[in-house]
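Peer 1:
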Amino acid sequence: MINYNDEPNLLLEALAYLGRRASGSTWNHMEERIRYRHIKMNSAFQEQFSRLKTFTKKVDKQLALDEKDFSPLFSNLDGLPANTVGSASIAFTLFYTALEHFDGDFEAIVESLKANPPDEIARGIALVLDFTDDSSGQEPLTASKFMQLVLAQSLPDSTKVSILDTYNQYTSLIDEAAFFLKPVIRILSQEYESLKRLVSFFTKDLSSLGYPEFLAQMSHLKFDADASYLLRPFVFGMDTNIGSDIVPQTLCLYCGILRRDLSHMLSESLPSAEDVYNVYHVLGDKTRFDILCYLRGRKAYGQELSNYFNLSRNTIHHHMNKLVNSNMVQCTMEGNRVYYFLNQDALHSMVHRQYELFCDEQD
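Residues 399 to 761 (the numbering used here) are what the sequence shown spells out, left to right.
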């Protein structure tokens, strides 16, 4: 079952807004990247993108915040997968699991997070950074276990120290992040009607396509009729952020409102030869090729792949992101785990495109 909530989550939007500014991922920067890749922008995308830029400038003008002050909390930690909204930042790891508890009372969220026991904070950090599959909390993630988990990752020492410091100083860091989040949430609340207008075209597009098809196109997830999904629009995000530990027994998906148009523009602008090359580039890494072979005829979750290939969880996460984004691998949720499996349709299509590119018709 898929439930759609057309209300933007202001806590998520505030995190993403600050994450974008901290990483320098402005809309102008994104526009430059689109032009650099020779992607032709269609009229629908241009119109909505222009509205999004205008809205963001309006928010910028009302906030007297300096990037150098909040970047340490909202920038992606070194060595973790780069993204435009800072989802690998200290602030994101501390607030992400509270997203669906936010009902407009930000102070209540802050106090609730600070009141969490250390093992809950540790589990939240581990889940957000994909260091573990276990969101059930059946076994407490003690300080020593959490330290072992962090030290086992293939990350720069400075990042490991930052993660451990986040765990040890979470109450003060929550307050520090809240200092910057609070004014952003206040401005977004005041501009809420403008936010809803930005989301309206996304809602219309979603309704016309149908939830299962939209879900498949935008998330690389295989729809399971027996599973429970919560789908929400994501204004400041261009990707689909997935959370399995936010609402019990529910997979939460926050989908960028321009993601579908951007994906279509990219596929229409990408020559077949470049598409084939991009897949070769992904599989040019021996580990990713071996993972693809391992998934033949089976599905596997992160820790299983980590154990089999003797690689850290964050390294596996990096490789799976590449394979999923190339569309050769899809994923599905079973309980608290994300399982990966081969996308047979995409692989057959890739074989066909290679044949068209390299083989004569008489072959």
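Where a beta carbon is used, it is the ideal one built from N, C-alpha and C, also for glycine.
Return the CA-CA distance between Arg657 and Pro538, expressed in angstroms with no decimal places.
Peer 2: For Arg657 and Pro538, the distance between alpha carbons rounds to 38 Å.
Peer 1: Give the straight-line distance between the Cα atoms of Met399 and Ala550, rounded to the nearest whole angstrom.
Peer 2: Those two C-alpha atoms are separated by around 37 Å.
Peer 1: Closer than 7 Å by C-beta to Ser421: which residues in its own chain qualify, once you throw out the five before and the five after it? Chain order, please.
Peer 2: Ser473, Asn474, Thr482 and Gly484.
Peer 1: Met731 bridges to which residues according to DSSP?
Peer 2: Answer by DSSP bridge pairing, in chain order: Val736.
Peer 1: Determine the direct distance from the alpha carbon of Leu607 to that of Ser587, and round the result to whole angstroms.
Peer 2: Straight-line Cα distance between these residues: approximately 29 Å.
Peer 1: Look at His662 and Arg686 and say whether their C-beta atoms are less than 7 Å apart.
Peer 2: Their beta carbons are not under 7 Å apart, which means His662 does not touch Arg686 by this criterion.
Peer 1: What's the call for Glu445, buried or exposed, on a 16-neighbour Cβ count within 10 Å?
Peer 2: Label assigned to Glu445: exposed.
Peer 1: Could you give the distance in angstroms between the alpha-carbon of Lys451 and the alpha-carbon of Trp425?
Peer 2: Approximately 6 Å between the Cα atoms of the pair.
Peer 1: Tell me whether the beta-carbon of Glu798 lies closer than 7 Å to the beta-carbon of Val645.
Peer 2: Because the chain spans 399 through 761 in this model, residue 798 falls outside it and cannot be assessed.
Peer 1: List, from N- to C-terminal side, the beta strand (DSSP E) runs of 3 residues or more that fit wholly inside the stretch 584 to 654.
Peer 2: Qualifying beta strand (DSSP E) stretches, in chain order: 627 to 632, 638 to 645 and 648 to 654.
Peer 1: Taking the beta strand (DSSP E) that Asn401 falls in, what are its first and last residues?
Peer 2: Counting along the chain, the beta strand (DSSP E) containing Asn401 begins and ends at Ile400 to Tyr402.
Peer 1: Could you tell me which whole alpha helix (DSSP H) segments of length 4 or greater appear in the stretch 523 to 565?
Peer 2: Complete alpha helix (DSSP H) runs here, min 4: 541 to 549.
Peer 1: Return yes when the Cβ of Ala496 is within less than 7 Å of the Cβ of Leu471, no when it is not.
Peer 2: Contact: no.
Peer 1: Given this structure, state the Cα-to-Cα distance separating Lys456 from Lys594, to the nearest angstrom.
Peer 2: Approximately 15 Å, taken between the alpha carbons.
Peer 1: In angstroms, rounded to a whole number, what distance separates the CA positions of Pro554 and Pro479?
Peer 2: Rounded to the nearest angstrom, the two C-alpha atoms are 13 Å apart.
Peer 1: Measure from the alpha carbon of Gln728 to the alpha carbon of each residue in Val526, Arg694, Thr454 and Leu664, then state which is nearest.
Peer 2: Of the listed residues, the one whose Cα sits closest to Gln728 is Arg694.
Peer 1: Which residue marks the beginning of the alpha helix (DSSP H) containing Tyr706, and which one marks its end?
Peer 2: Here the alpha helix (DSSP H) through Tyr706 covers Gly700 to Phe707.
Peer 1: Exposed or buried, which one is His618 when buried takes at least 16 other CB atoms within 10 Å?
Peer 2: With 16 or more other Cβ atoms within 10 Å, it is buried.
Peer 1: How would you label Cys653, buried or exposed, when you count the other beta carbons within 10 angstroms and need 16 or more for buried?
Peer 2: Its Cβ being crowded by 16 or more others within 10 Å, Cys653 is buried.
Peer 1: Measuring CA to CA, which of Asp467, His715 and Val633 is closest to Tyr590?
Peer 2: Among Asp467, His715 and Val633, the Cα nearest to that of Tyr590 belongs to Val633.
Peer 1: Taking DSSP as the reference, what is the three-state secondary structure of Gln567?
Peer 2: The answer is coil: DSSP assigns Gln567 none of H, G, I, E or B.
Peer 1: What number of angstroms, rounded off, separates the C-alpha of Lys459 from the C-alpha of Leu408?
Peer 2: Computed Cα separation, rounded: 18 Å.
Peer 1: Considering only the alpha carbon of each residue, which of Met636, Cys757 and Ala462 lies closest to Ser423?
Peer 2: With distances taken between Cα atoms, Ser423 lies closest to Met636.
Peer 1: If I'm right that Asn401 touches Leu628 with Cβ under 8 Å, what's the distance once you round it to whole angstroms?
Peer 2: Confirmed, about 5 Å.
Peer 1: Is Glu498 helix, strand or coil when you go by DSSP?
Peer 2: In the structure shown, Glu498 sits in a helix (DSSP, three-state: H, G or I).
Peer 1: So, at 8 Å on beta carbons, what are the nonlocal neighbours of Asp622 in its own chain, with the 5 sequence-adjacent residues on each side left out?
Peer 2: Once the five neighbours on either side are set aside, the close Cβ partners of Asp622 are Thr730 and Met731.
Peer 1: The alpha helix (DSSP H) spanning Met718 covers which residue range?
Peer 2: First-last of the alpha helix (DSSP H) with Met718: Arg711 to Asn723.
Peer 1: CB Asn725 to CB Ala698, shorter than 7 Å?
Peer 2: Contact flag unset, no.
Peer 1: Please state whether the Cβ-Cβ distance between Ile561 and Val548 is less than 7 Å.
Peer 2: Going by C-beta atoms, Ile561 is nearer than 7 Å to Val548.
Peer 1: Let me know the secondary structure DSSP gives Met726 once reduced to three states.
Peer 2: Correct three-state label for Met726: coil.
Peer 1: If Asp528 and Arg735 are in contact, beta carbons under 8 Å, what's the gap, nearest whole angstrom?
Peer 2: That belief does not hold up - the Cβ atoms of Asp528 and Arg735 are roughly 11 Å apart, past 8 Å.
Peer 1: Taking 7 Å as the cut-off, decide whether the C-beta atoms of Ser592 and Phe447 are in contact.
Peer 2: Not in contact: Ser592 and Phe447 (Cβ atoms no closer than 7 Å).
Peer 1: DSSP on Asn407, reduced to helix/strand/coil?
Peer 2: Residue state, collapsed to three classes: coil.
Peer 1: If we ignore side chains and look at the alpha-carbon of each, how far apart do Ser552 and Ala671 end up?
Peer 2: For Ser552 and Ala671, the distance between alpha carbons rounds to 34 Å.
Peer 1: Quick check: the Cα distance between Gln567 and Gln742, rounded to an integer number of angstroms?
Peer 2: Their Cα atoms are separated by approximately 46 Å.
Peer 1: Whose C-alpha, out of Met616, Thr564, Cys757 and Asp476, is nearest the C-alpha of Ile523?
Peer 2: Comparing Cα-Cα distances from Ile523 to each of Met616, Thr564, Cys757 and Asp476, the minimum goes to Thr564.
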